[in-house]
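In the working numbering, the protein residues as written are 2 to 609. Ideal Cβ positions, reconstructed from N, Cα and C, are used throughout, including at glycine.
Here it is as structure tokens:
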């Protein structure tokens with residue numbers, strides 16, 4: 002028979018086991034929720050739309066193409082996905098992912114990561130010819146001489162509904178191999194329009210290629226579906242010499258990574274340097290790229306300024322799967338601004354509405370490629386898109402956006418909580434430089450330059466006199482901000498700096514008759530977010546001022562050293578994060594658990 006102490010030990014360890022089990026039930030759902038929240042919080046979309054992962058497990062997905070009329074069986078192919086390293090995958094109705102084609106070109110070294118322009122090459126364009134069951138892909142491979150070269154391949158499936166595996170292949174346009182290209186400015190998307198295959202080709206990092214019709218770089222090329230020069234091309238000559246000019250449909254483009262054929266018309270989104278353009282492509286036209294931003298603006302239906310990095314392009318007609326306000330518009334994947342634009346229509350005289358952000362990346366930026374969207378295509382139930390890099394949980398996926406107001410995504414594009422994106426979207430970087438990006442018309446927004454410049458101005462007699470001059474005006478907006486100007490006079494230090502920044506962003510003319518900055522039209526919450534981001538926390542600003550005073554010291558006196566207590570206090574403030582509600586709850590819960598355990602341990606030893 003067990004003794005009292007043995008039974009007491011059993012009760013103690015039973016209690017500990019039950020306590021740990023209860024903690025598991027409490028913490029496990031929370032851990033799952035945090036894991037799920039990871040990718041969900043990475044994206045913001047227009048209100049009324051949901052986002053979900055459709056398929057995942059890809060390696061650098063670069064393009065998507067849907068079967069126009071897929072079969073109804075679970076194993077019928079619904080869409081195809083390119084992977085940059087040279088694999089074409091087929092996704093069936095049951096969302097199984099199959100290898101459709103692989104090992105058809107020599108990439109060279111596979112992409113272990115994606116961090117610079119030198120990584121931007123591989124399998125890019127993807128388009129379908131439904132009547133013939135053809136799958137066309139474009140790619141850049143590394144030849145035996147170490148140079149990058151362009152190529153096109155056609156795969157046959159033997160069925161208009163497309164098979165899960167390619168049955169035959171044909172390498173097309175072998176003349177492209179005679180013209181070395183460069184990363185990023187390589188061969189790009191393709192489109193099948195009527196009986197023709199259109200392919201866009203970047204300028205190979207040399208603008209001079211673009212205007213030379215005997216060079217296929219910097220062109221829109223047109224082929225027959227068998228890979229021959231289309232006989233209706235503007236520079237085609239039937240002389241059996243098969244020259245590059247025979248394949249040229251249009252020229253003078255830089256890097257048209259968006260291409261879409263609609264109702265016999267062809268549209269392109271062309272990457273410039275400082276600006277990009279959207280343009281309808283017409284046969285025989287020179288689009289004038291000569292190495293300058295001025296040439297990118299030539300002939301454009303719309304200019305994106307600053308550049309957004311256009312990638313895959315699609316169009317939704319009406320009636321469709323989206324509400325009327327989102328129909329009859331182009332949707333453009335953005336590799337520069339990490340999101341999706343919607344804009345325009347099929348009108349004949351330019352756009353009837355300006356581009357709007359439909360989707361944006363709001364997650365962590367590990368490098369310049371974080372969150373960039375390169376693949377985009379409309380499916381039967383929504384807009385599918387693929388970021389090039391894996392999400393924060395290591396999975397590269399194809400996502401789908403559906404119109405589901407009852408199940409809408411919790412983060413909206415109209416609710417901005419990323420100050421860097423807010424600064425970009427509100428036009429700050431068109432004039433100001435921040436972190437070596439943006440314009441140079443206005444002063445730098447880097448904190449090391451911005452804060453001292455504003456503080457010096459606010460402390461000057463000239464500024465105080467200018468406030469009196471503005472007070473004398475009885476016209477808007479000056480007479481609406483008399484109280485704010487008086488507040489600036491009365492405040493000091495960080496409070497004065499922060500208040501001035503807020504009022505300046507709400508109305509740049511509140512204290513300045515000659516303010517050239519346009520009103521960014523931001524909400525108070527957005528202004529406060531941007532202000533705190535630009536000028537920093539009060540401890541950081543005041544600490545910087547203290548260090549400057551200590552280093553210089555009063556004239557004729559020694560610098561006053563910072564005490565050990567003050568240094569330790571500053572160190573603690575740097576290490577311990579700002580308290581949030583979850584920190585308080587976690588601390589409270591952990592304290593409760595520890596307290597209960599200690600209580601039972603004490604009772605156990607007291608009863609022995």
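The beta carbon of residue 340 sits closer than 7 Å to those of 358, 360, 361, 362, 374, all from its chain and outside the five residues before and after it, given in chain order. Per the coordinates, the alpha-carbon of residue 69 lies some 18 Å from the alpha-carbon of residue 226.
The beta-carbon separation of residue 103 and residue 151, rounded to 19 Å, does not stay under the 8 Å limit for a contact. Relative to residue 481, the option among 426, 190, 504, 492 whose CA is nearest is 504.
The three-state reading of DSSP puts residue 528 in helix, counting H, G and I together. Residue burial is scored here from C-beta neighbours: residue 261 has at least 16 other C-beta atoms within 10 angstroms and is therefore classed as buried. Per DSSP, residue 471 is not a residue of any beta strand (DSSP E); the alpha helix (DSSP H) it occupies stretches across 462-472. CA-to-CA, the gap between residue 94 and residue 79 works out to about 6 Å.
The three-state secondary structure of residue 368, taken from DSSP, is coil.
Judged by DSSP in its simplified three-state form, residue 504 adopts helix. Look at residue 226 here: in three-state DSSP terms it is coil, with no helix or strand label. In terms of Cβ geometry, residue 224 and residue 246 do not form a close pair [threshold 8 Å].
Rounded to whole angstroms, the Cβ separation of residue 427 and residue 523 is 6 Å, and the two are in contact under 8 Å.
Selection 88, 50, 53, 383 evaluated against residue 62 yields 88 as nearest (Cα-Cα).
As DSSP reads the structure, residue 89 sits in a beta bridge with 83, 102. Exclusion of the five residues before and after residue 478 leaves 508, 510, 511 as the residues of its chain whose Cβ lies within less than 8 Å of its Cβ.
Secondary-structure assignment with DSSP links residue 139 through a beta bridge to 153. Residues 54, 57 of the same chain have their beta carbon placed closer than 6 Å to that of residue 398, with the five preceding and five following residues left out of the count. Distance from the CA of residue 457 to the CA of residue 463, rounded to the nearest whole angstrom, comes to 11 Å. Here residue 305 carries a strand assignment [DSSP, helix/strand/coil]. Taking C-beta separations shorter than 6 Å and ignoring five residues to either side along the sequence, the partners of residue 433 in its chain run 439, 443, 446, following chain order.
Under the DSSP assignment, residue 422 falls in the alpha helix (DSSP H) whose first and last residues are 420-426.
Selection 473, 516, 513, 535 evaluated against residue 495 yields 535 as nearest (Cα-Cα).
Using a Cβ distance threshold of 8 Å, residue 330 and residue 64 do not count as a contacting pair.
Straight across, the Cα-Cα distance linking residue 323 with residue 382 is about 9 Å. Selection 303, 207, 137 evaluated against residue 83 yields 137 as nearest (Cα-Cα).
Exposed is the label assigned to residue 172, since fewer than 16 other Cβ atoms lie within 10 Å of its Cβ. Membership of residue 456 in the alpha helix (DSSP H) is indicated by the continuous run 448-459.
Note: residue 182 is bridge-paired with 149 in the DSSP secondary-structure output.
Short of 6 Å from the beta carbon of residue 218, and not among the five residues preceding or following it, lie these beta carbons of its own chain, in chain order: 180, 202, 204, 205, 210. A direct Cα-Cα distance of roughly 13 Å separates residue 517 from residue 429. Within the DSSP secondary-structure output, residue 262 pairs in a beta bridge with 267. Bounds of the alpha helix (DSSP H) holding residue 483 are 483-491.
A check of alpha carbon separations from residue 134 across 85, 465, 148, 71 identifies 71 as the nearest. Sequence-distant Cβ neighbours of residue 405 in its own chain, meaning closer than 6 Å and more than five residues away, are 51. Less than 8 Å separates the beta-carbon of residue 435 from that of residue 424.
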